[in-house]
Structures are given as structure tokens and as C-alpha cells.
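S.K.:
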Amino acid sequence: MFFKFRSESMNSGILGKTGVLLVNLGTPDSTSVPDVRKYLRQFLMDRRVIDIPFLSRWFLVNCIIAPFRAPKSAAVYKKVWLAEGSPLKVYGLAVEKLLQEKLGGQYVVKLGMRYQNPSIESALSAFAGRADIGRIIVIPFFPQYASATTGSVHEEVMRIVNQWQIIPDIRFVNSFYDHPGVIRGFADSAQPFLTRDRYEHFVFSYHGLPERQLTKAYVGGHDCEKAGCRKAITAENQHCYLAQSYATTRALVRELNLKEESVTTCFQSRLGKDPWIQPYTEDVVKALAKNGVKSVLAFSPAFVADCLETTEEVGEEYKELFLENGGERWDLVPSLNDKPIWIETLADLVRRSET
1 MFFKFRSESM NSGILGKTGV LLVNLGTPDS TSVPDVRKYL RQFLMDRRVI
51 DIPFLSRWFL VNCIIAPFRA PKSAAVYKKV WLAEGSPLKV YGLAVEKLLQ
101 EKLGGQYVVK LGMRYQNPSI ESALSAFAGR ADIGRIIVIP FFPQYASATT
151 GSVHEEVMRI VNQWQIIPDI RFVNSFYDHP GVIRGFADSA QPFLTRDRYE
201 HFVFSYHGLP ERQLTKAYVG GHDCEKAGCR KAITAENQHC YLAQSYATTR
251 ALVRELNLKE ESVTTCFQSR LGKDPWIQPY TEDVVKALAK NGVKSVLAFS
301 PAFVADCLET TEEVGEEYKE LFLENGGERW DLVPSLNDKP IWIETLADLV
351 RRSET
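To convert, note that position 62 of the sequence shown is 62 in full-length UniProt numbering; the numbers rise steadily by one, no gaps.
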């Protein structure tokens, strides 16, 4: 005998509203040294960011990195700070508002930062205990998945909601490195440069990671060279940060109709002496200039909003390095920030997550 089971929630879909949590990395509350030091300590004490034993991490962060790096970082933050505040926060709040308008009243959109303010916990509090919130969709603002970024956001969200009496349906967007809107968005940002000038080379710089984080992400370890991570996305490497980064480059190369020999994918922002994924952006920049390349257009497709790592590191520091070694022109393509195509892309990610 078979029973005909009818679920009202299954037939009619999720009742009530959908909460949308947007999460970016984070930012100091101000450019003061104490605020920057506080931010660095919270950020770098995350076990997914510096994945070494707690006591070693505590000593490294609190006794070496934060005390000595905070004054230098505070000076750099002052260079990128906008009149309204931190670029990540300014763009994040703008996107929160625009996406809310785009999605309408059946959605509640909130921005949270993994580190500092507005916190993930404060953003989630807008959904906690609300009978009219039937589902929460979490979108970390990192196109390529990494344990230190997207993984850390997932862990923090679950740590918080674990304390709730009612935990609604929660869905996470793991990555969106190949979403057509992301690729089109960066390509559109590049068009004014390509229309105005001819470039000899194109550099795609992604945030770096220690090599060990790629290896230990897989049961039994992971070898990017054997898995072909620089060549294609496969079932074996589909979650690999390096594989997703190279896939992003390939998609942009196709979209912009660039010649493969004029493109280099590389990785920036390494910290410490342990080997990070290569090639390092600083080495690529120096080599290009010394080999006679005079003009470069740079992209930072790991960042959906311009920030210290794009505007200052890629836009200024690498430009200075390129010019010092014989280069003549270095331009940086702006990120997605609060552009309409980014809002459209986020809306599409929300709708896809509902199905």
C-alpha cells in the first residue's frame, strides 16, 4: 500500500521571506593604529587563515605581526580610505541597499563582515527568531573558494546559528568564479582601457594562499600539477582555489579575446617564509619589465570590491615596481564594486539558491 503524502511547504515553496546574508572579509573601524591592530589580530587569529597550532599562532600574531605591521598597515589604509569610510564597507553597504531594492520586499538583505563591523552576528540577528524568515542564503564575496575565506564564513555562520532554537533552511554559495555576470562585469570594466590603449601584456593577480592549504584540503593530499589545476576544472580539482583562479583567467581571456601568450596568472599578498602558491605577482612584474614589456593591464578577479589589496597593492605598489624595472605603463581594471551587473549577478545567485 502506498500513501499519498502532501506537504504544504513542499507544494507551495518556502513560506515567508528569504534572508540574504552578504559577507565580505572585513576592515578596520578606522585608520588609527589601535583599530588596525585590533582588526589584524581578529583576522590572523582565525585558524583557517593561519593554519598552525593555537599557541604558535597566538605568539606569531600578537607578539610579532600585529605590533609591527599595524603602524605600516594603518598608513596604507589612509591612502585607500574614502570620505565615507573603508572602501569594503562603503561598497558593501551600497550593494546591500541596491540588492534589497532589486529583490523586493520578500527578501531581507544584510551585510556582515567576517572580521570587525558590521559583524556576521549582527547581520544574522536581523533573521534570528523571526517566524517570517523561511530561508537564509549566505553569499560570501569571494568568487573562488578557499578555506581561509569562504570556508571561514561558513564556519562562523554555523557557529552563530548553532545557538538558535529555530534554525531555518540555510544555503551557502560556495563559489561563483565562472558566473557569466562576474566575467562580463570585469570585462566591461576593462573595455575603457582596451579602447583607449594597446597593452603588451595582461596580468591576472589573485590573492595568494600557502601551498599547504591546497594540499590538505583534500583527503590524501592534493597535487595541483598532477590534477591539472592550471589547465582545466575537473571532478578531481573542482574545489581547488588555484584551479578556480586559472579558470577565471581563461574565462576572461575568452571574453576579451586576448592572446594566451600575452596573459599571466599570478598570486599576491604572501605572508611569512613558507611557500605560497606561485608564480608570485611581484616576481612576474619584475620579470615582465626586465624582459622588455612596456605596458601592462592588470586585473584582480579575486576581489569583488576595490580595497587595499587592489587599489594600493596591485594599482600602486606593483606599478611602482614595474616602472622601476623598465616598464612604462601599468593600469588596473576596477573591480565590480556597486555596478549594476554585480547587483544583477547577486540577484541571480539568490534565485539559483532557491531552486
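From the three backbone atoms N, C-alpha and C, an ideal C-beta is built for every residue, glycine too. None of these values were measured; they are calculated from a predicted model.
Check G181 in the structure and name its three-state DSSP category.
M.R.: In the sequence shown, counting from the first residue as 1, residue 181 sits at position 181. The answer is helix: DSSP assigns G181 an H, G or I state.
S.K.: Helix, strand or coil, according to DSSP, for D35 in the structure here?
M.R.: Taking the first residue of the sequence shown as 1, we reach residue 35 at position 35. Here D35 sits in helix by DSSP.
S.K.: Am I right that A302 and S245 are in contact with their C-beta atoms under 8 Å? What's the rounded C-beta distance?
M.R.: For the purposes of this step, residue 302 is identified with residue 302 of the sequence shown, where counting begins at 1. For the purposes of this step, residue 245 is identified with residue 245 of the sequence shown, where counting begins at 1. The Cβ separation is near 7 Å, so the contact holds.
S.K.: For the segment 94-113 and the segment 16-24, state whether three or more C-beta atom pairs, one from each stretch, are separated by less than 8 Å.
M.R.: Result yes; three or more Cβ-Cβ pairs closer than 8 Å.
S.K.: Got a sec? Which residues, its chain only, sit under 6 Å from F141 by beta carbon, not counting five neighbours each side?
M.R.: Numbered from 1 along the sequence shown, position 141 holds the residue referred to as residue 141. Cβ neighbours of F141 beyond the five flanking positions: N24 and V304.
S.K.: Return the CA-CA distance between D169 and G134, expressed in angstroms with no decimal places.
M.R.: Start at 1 with the first residue of the sequence shown, and residue 169 comes out as number 169. Start at 1 with the first residue of the sequence shown, and residue 134 comes out as number 134. Rounded to the nearest angstrom, the two C-alpha atoms are 7 Å apart.
S.K.: Among P34, L103, T31 and I64, which one has its Cα closest to the Cα of E344?
M.R.: One-based indexing of the sequence shown puts residue 344 at position 344. For E344, the nearest C-alpha among the options comes from L103.
S.K.: Quick one: grab the DSSP three-state call for T234.
M.R.: As a position in the sequence shown, residue 234 is number 234, starting the count at 1. DSSP places T234 in coil when its eight states are reduced to three.
S.K.: Please classify Q268 as buried or exposed, where buried requires at least 16 other C-beta atoms within 10 Å of its C-beta.
M.R.: As a working note, residue 268 is residue 268 in the sequence shown. Q268 is buried by the Cβ-count criterion.
S.K.: Taking the alpha-carbon positions, what's the S125 to G112 distance?
M.R.: Translated into the one-based positions of the sequence shown, residue 125 becomes position 125. Translated into the one-based positions of the sequence shown, residue 112 becomes position 112. When rounded, the distance between both Cα atoms is 11 Å.
S.K.: Can you look up F68 in the DSSP assignment and give me helix, strand or coil?
M.R.: Counting from one through the sequence shown, the residue named residue 68 turns up at place 68. Note: F68 maps to helix in three-state DSSP.
S.K.: Given a cut-off of 7 Å, decide if I277 and G326 are closer than it, judged by their beta-carbon atoms.
M.R.: Against the sequence shown, residue 326 aligns to sequence position 326. Against the sequence shown, residue 277 aligns to sequence position 277. The answer is no: Cβ separation not under 7 Å.
S.K.: Have a look at D283, A190 and L214 and flag the residue whose alpha-carbon is nearest the alpha-carbon of L252.
M.R.: Here residue 252 is taken as the residue at index 252 of the sequence shown, counted from 1. Closest in alpha carbon position to L252, among D283, A190 and L214, is A190.
S.K.: Helix, strand or coil: which one does DSSP assign to K339?
M.R.: Locating residue 339 in the sequence shown gives position 339, counting from the first residue. It is coil, neither helix nor strand.
S.K.: Rounded to whole angstroms, what's the CA-CA distance from N11 to D132? Just pull it up for me.
M.R.: By one-based count along the sequence shown, residue 11 stands at place 11. By one-based count along the sequence shown, residue 132 stands at place 132. Residue placement at N11 cannot be trusted, given a pLDDT of 40 that sits under 50; what the coordinates show is reported in the next sentence. Across the structure, N11 and D132 are spaced so that their CA atoms are roughly 18 Å apart.
S.K.: Would you be able to state if there are at least three C-beta pairs under 8 Å between the segment 172-186 and the segment 247-262?
M.R.: yes
S.K.: Answer with buried or exposed for M1, where buried requires no fewer than 16 other C-beta atoms within 10 angstroms of its C-beta.
M.R.: Here residue 1 refers to the residue found at position 1 of the sequence shown. Any answer about M1 is weak, because its pLDDT of 42 lies below 50 and its placement is not dependable; what the coordinates show is given next. Answer is exposed; the Cβ neighbour count stays below 16.
S.K.: Use the C-beta contact count for C63: other C-beta atoms within 10 angstroms, 16 or more gives buried, fewer gives exposed.
M.R.: Here residue 63 refers to the residue found at position 63 when the sequence shown is read from its first residue. Classification of C63: exposed, given that the 10 Å Cβ count is below 16.
S.K.: Quick check on F3: buried or exposed, where buried means 16 or more other Cβ atoms within 10 Å of its Cβ?
M.R.: Translated into the one-based positions of the sequence shown, residue 3 becomes position 3. The pLDDT assigned to F3 is 43, lower than 50, so where the model puts this residue is not dependable, and the model offers no usable value.
S.K.: Identify whether S30 lies in helix, strand or coil by the three-state DSSP scheme.
M.R.: Position 30 of the sequence shown holds residue 30. Here S30 sits in coil by DSSP.
S.K.: Buried or exposed: L242, going by 16 or more other Cβ atoms within 10 Å of its Cβ?
M.R.: Taking the first residue of the sequence shown as position 1, residue 242 is located at position 242. That one is buried.
S.K.: Quick check on the burial criterion: 16 or more other C-beta atoms within 10 angstroms. Buried or exposed for R6?
M.R.: Numbered from 1 along the sequence shown, position 6 holds the residue referred to as residue 6. Note that R6 scores a pLDDT of 42, beneath 50, so its modelled location is shaky; the value from the coordinates is reported in the next line. Exposed: under 16 other Cβ atoms inside 10 Å.
S.K.: Express the C-alpha separation of M45 and P53 in angstroms, rounding to a whole number.
M.R.: Within the sequence shown, the letter at position 53 stands for residue 53. Within the sequence shown, the letter at position 45 stands for residue 45. Using only the alpha carbons, I get a separation of about 11 Å.
S.K.: Do you know whose CA, among E84, V61 and R48, lies nearest T31's CA?
M.R.: Indexing the sequence shown from 1 puts residue 31 at position 31. Minimum Cα distance to T31 is reached at E84.
S.K.: Leaving out five residues on either side along the sequence, give the residues of the same chain with a beta carbon under 8 Å from the beta carbon of G221.
M.R.: Within the sequence shown, the letter at position 221 stands for residue 221. So the list reads T215, once near-sequence residues are dropped.
S.K.: Assign I167 to buried or exposed, taking buried as 16 or more other Cβ atoms, counted over all protein chains shown, within 10 Å of its Cβ.
M.R.: Here residue 167 refers to the residue found at position 167 when the sequence shown is read from its first residue. Burial call: exposed.
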